[in-house]
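Protein chains in written order, with the working numbering: chain A, 33 to 227; chain B, 33 to 227.
Cβ coordinates follow ideal geometry from the N, Cα and C atoms, glycine included.
A quick write-up on the structure given underneath.
Protein chains: 2
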Amino acid sequence: MGKSHEVRKQEIIEATMALSVEKGLKKLTTQAIADRVGIAQPTIFRHFKSRDAIFGAVINWVGDSLFKVIGDLFSTPGPADERLHQIILKQLAFMGKHRAIPRVLFSDRLHLESPKLKTVVQTMMDGYAQRLTRLIEEGIEQRVFSPELEPDRTARFILAAIQGLVMRWSVYEFNFSLEEEAEPLWQFLQPSLRP
Amino acid sequence: MGKSHEVRKQEIIEATMALSVEKGLKKLTTQAIADRVGIAQPTIFRHFKSRDAIFGAVINWVGDSLFKVIGDLFSTPGPADERLHQIILKQLAFMGKHRAIPRVLFSDRLHLESPKLKTVVQTMMDGYAQRLTRLIEEGIEQRVFSPELEPDRTARFILAAIQGLVMRWSVYEFNFSLEEEAEPLWQFLQPSLRP
DNA sequence: GTTAAAAGTAATTAATCACTCACAAATGAA
DNA sequence: TTCATTTGTGAGTGATTAATTACTTTTAAC
């Protein structure tokens, strides 16, 4: 027999992410995933109810992992500007190490073909935006950010800049270092945030 | 018989864009396009060599149309900051009227499944980025932008912010007015550009 | 050691879909 | 009118692929 349910599940998730980078999602068939894991195609369905369920698990893995990396920075006390700085650096560094993330997150295949998966992604993004909004509010109270900023809108603009950058990185086949863009991006954004 | 080649071609392009908004690209089959145009499915292939050729035509239509709207602003003389302001307003207004654009441009289906289409999109984006870079250089010469800006990188950050915003709009099913975000986005970016 | 549950597979199915082909009808130039 | 070209179609093909089924093997708990 094979490995345990939990182990196989994780193997399938990892194989799916690896393949999403190598081939794009078109060739991300259950057969291709199975081949990479080293099991037969129907065995996939012993561990996941459907193909979509695999993608859902991948999205959740991404969300959980990202939260592990930057989650603390939202709740830790300290100057909000420094924390935002760190969030930008760490998020881009994290994504720079996991090319599958933009491929999966920005995939219309997930957004448009499965309303369920779409709300999973939206919920994740909403949570992020809310934390960011809260952080900007704190920064305004701490007088490190301009009191004229609309926290909610500002949070969404910052997110848009990050997401746009990551998307560009993905579209251009990862041909520049995402990590190296993090500090310049922060430098660029800073004047717009300062009082 | 039917209409002329050119007319049918345009009808197919328009049907494809309309469907990309309504259903997402999964259901964007040649059958669905044909149904919408009111012709039989094989007739599609009288006017386009392949399904990819349709998408290529759509991308080119998008690029041409966008260029018609904002192209002048790159070459017209005048203060660079005002021109950039107008570019942001007009681009977001234009995209706000054509929901198909983000659906098509940000589709991984196009980027990852067809190397040819991918380079079409990349070339378009490159052209845009170059013009923007040039505009920022002018702005620095005119002393309306900070001389410390790296024109190329700044252009890409601005593009990322715009693209991120448009992508968010698309992911959230167009549930906010893109046009209304344009002026606030410009207000947000301005402090980062000014000397 | 028995046995029930878990994990595995080969074979197949049913659906989808881009694309082809052989032929029909309309068009327009001669 | 004639006829070559263009536009159109119904019927089909071949390829792909998620999911099911019926069956086998392995594991681990008792």
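Neighbour flag for residue i against chain B, beta carbons, 7 Å
i	result
residue 197 of chain A	yes
residue 85 of chain A	no
residue 189 of chain A	yes
residue 179 of chain A	no
Neighbour list for residue i in chain A, Cβ cutoff strictly below 9 Å
i	result
residue 138 of chain B	138, 140, 199 and 203
Counted within 10 angstroms of its Cβ, other Cβ atoms place residue i as buried (16 or more) or exposed
i	result
residue 113 of chain B	buried
residue 134 of chain A	buried
residue 79 of chain B	buried
residue 97 of chain A	exposed
residue 230 of chain B	Since the displayed chain B opens at 33 and closes at 227, residue 230 of chain B lies outside it and no answer follows.
residue 186 of chain A	buried
residue 210 of chain B	buried
residue 196 of chain A	buried
residue 70 of chain B	exposed
residue 136 of chain A	buried
residue 175 of chain B	exposed
residue 173 of chain A	exposed
residue 94 of chain A	buried
residue 63 of chain A	exposed
residue 128 of chain B	buried
residue 107 of chain B	exposed
residue 151 of chain A	exposed
residue 214 of chain B	buried
residue 171 of chain B	buried
residue 208 of chain A	exposed
residue 139 of chain A	buried
residue 90 of chain B	buried
residue 39 of chain A	exposed
residue 202 of chain B	buried
residue 73 of chain A	exposed
residue 52 of chain A	buried
residue 155 of chain A	exposed
Under 8 Å from the C-beta of residue i: neighbouring residues of chain B
i	result
residue 186 of chain A	220
Where residue i meets chain A, residues with beta-carbon distance less than 8 Å
i	result
residue 154 of chain B	203 and 204
residue 217 of chain B	189
Short CB-CB distance (under 7 Å) between residue i and chain A
i	result
residue 224 of chain B	yes
Under 7 Å by beta carbon: chain A residues contacting residue i
i	result
residue 193 of chain B	189, 192, 193 and 196
Counting only runs of 3+ residues fully inside the region 142-171 of chain A, write out the beta strand (DSSP E) ranges in chain order. none
Complete alpha helix (DSSP H) runs within the region 72-146 of chain A (minimum length 4 residues, chain order): 76-79, 83-107, 112-129, 132-137 and 140-145
Complete runs of the alpha helix (DSSP H) confined to the region 34-65 of chain A [at least 4 residues]: 37-54
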